[in-house]
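In our numbering, the protein residues as written are 2 to 155.
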């Protein structure tokens, strides 16, 4: 939806995952920054059951929205729930995976940072885990990015 100068709100697009499937929960979370929209689908199965994904949509010069890329964690695995939280600010995208399992224990969680280059390519640049993390923390249940500041909830 977009709001015109006179205050009228109209639907301008319906965003759909190119490879979406029933049960992916596409749209469970969304974030917008300028001409970029990121949509979470934390029950997508690309890297195992409920590994999760996030979709990046870009608005073209002619005003049309189109899927630009699909994000998955480089180390994604079953039940990570990557994409349960998403945030975008400028060229930075942060995606939470609150059930990620790593050396801090099961369900300790993580957040992944992606950067969009000038040519539109999106690359994972970091995986964030809590320094004092522990099993069951659910780090990544919420994420927010604004400029160079990233906040991750647990």
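C-beta: ideal position from N, C-alpha, C; glycine also.
- The segment 140–150 makes contact with the segment 82–101: 3 or more CB pairs, one atom from each, lie closer than 8 Å.
- If you draw a straight line from the Cα of residue 110 to the Cα of residue 8, it is about 41 Å long.
- DSSP, reduced to helix, strand and coil, places residue 122 outside both helices and strands of the structure shown, so it counts as coil.
- For residue 117, the closest C-alpha among the options 106, 141 and 37 is that of 37.
- In the displayed model, residue 3 falls within a strand according to three-state DSSP.
- Beyond the five residues adjoining it in sequence on each side, residue 103 comes within less than 7 Å, by CB distance, of 109, 111 and 130 in the same chain, given in chain order.
- Using a Cβ distance threshold of 8 Å, residue 126 and residue 97 do not count as a contacting pair.
- In the DSSP assignment, residue 58 falls within the unbroken beta strand (DSSP E) covering 54–60.
- Its chain contains 47, 48, 49, 52, 53, 83 and 98 as the residues whose beta carbon lies nearer than 8 Å to that of residue 77, once the 5 sequence neighbours on both sides are disregarded; these appear in chain order.
- When DSSP states are grouped into helix, strand and coil, residue 30 belongs to the coil group.
- Here residue 132 is exposed, its C-beta having fewer than 16 other C-beta atoms within 10 Å.
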